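Let me begin by presenting the structure, written as structure tokens, before commenting on it.
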Amino acid sequence: MFERILVPLDFSPSAWQALETARVRFPGAVRTLLYVQPQRLAPPPALELLGSGARLGGNAQALTELEDQLQERETFALAPGDPVNEILNAVREKDVELIMMGTHARQGLSHFILGSVAEAVVRRSPVPVLTVRASDQA
Numbered sequence: 034m035f036e037r038i039l040v041p042l043d044f045s046p047s048a049w050q051a052l053e054t055a056r057v058r059f060p061g062a063v064r065t066l067l068y069v070q071p072q073r074l075a076p077p078p079a080l081e082l083l084g085s086g087a088r089l090g091g092n093a094q095a096l097t098e099l100e101d102q103l104q105e106r107e108t109f110a111l112a113p114g115d116p117v118n119e120i121l122n123a124v125r126e127k128d129v130e131l132i133m134m135g136t137h138a139r140q141g142l143s144h145f146i147l148g149s150v151a152e153a154v155v156r157r158s159p160v161p162v163l164t165v166r167a168s169d170q171a
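Under the working numbering, the sequence shown has 41 at position 8, and the numbering climbs by one with no breaks.
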């Protein structure tokens, strides 16, 4: 069984589904929920949240709600930077055994232009990665 799981969050339906799946399938695991604020975005007005003083923009309310819904054995981490690199950094720093993350299942031109964080993590991760699609994306 996996004891330490990383759940990257981008507040998409598939990310929430990945979190719920991690909670149900691995109830005894320590889960780190990670939100990465991409650096390519211009920072919005400062917002004091989770004691971090982070600049979070439209995701501020979602982060506040997440903080209120953290379950036992869950911690939240916030990191600025490139999502792929920060996810892989968290794997090393927190000695994670499994990454459970949502995937948007983009295809064609949008996948080519936007790339896929999940795909890059799967290719580069030193630990298993379980990707989850939201049920309405099936």
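All C-beta atoms in this analysis are idealised placements derived from N, C-alpha and C, irrespective of residue type, glycine included. These numbers were taken from a predicted model, which means no experiment stands behind them.
Length of the line joining the Cα atoms of residue i and residue j
{"i": "Ala151", "j": "Val124", "result": "14 Å"}
{"i": "Arg157", "j": "Val117", "result": "9 Å"}
{"i": "Gly84", "j": "Ala112", "result": "Any answer about Gly84 is weak, because its pLDDT of 41 lies below 50 and its placement is not dependable; what the coordinates show is given next. Roughly 13 Å between the two C-alpha positions."}
{"i": "Glu107", "j": "Ala48", "result": "15 Å"}
{"i": "Glu119", "j": "Phe35", "result": "21 Å"}
{"i": "Pro71", "j": "Leu103", "result": "23 Å"}
{"i": "Tyr68", "j": "Asp101", "result": "15 Å"}
{"i": "Asn122", "j": "Asp128", "result": "10 Å"}
{"i": "Ala1", "j": "Met133", "result": "Residue 1 is absent from the model: the chain starts at 34 and stops at 171."}
In DSSP terms, what residue i is bridged to
{"i": "Val165", "result": "Gly135"}
{"i": "Arg64", "result": "Ile38, Glu107"}
{"i": "Gln70", "result": "Pro113"}
8 Å Cβ shell around residue i - same chain, five flanking residues per side excluded
{"i": "Ser182", "result": "Coverage of the chain is limited to positions 34 through 171, which leaves residue 182 absent and any answer about it impossible."}
{"i": "Ser143", "result": "Because Ser143 carries a pLDDT of 46, less than 50, the predicted location of this residue cannot be relied on, and no value is offered for it."}
Same chain, Cβ closer than 7 Å to residue i, neighbours up to 5 away in sequence not counted
{"i": "Leu82", "result": "Because Leu82 sits at a pLDDT of 40, beneath the cut-off of 50, its placement in the model cannot be relied upon, and the point is left open."}
6 Å Cβ shell around residue i - same chain, five flanking residues per side excluded
{"i": "Leu52", "result": "Val40"}
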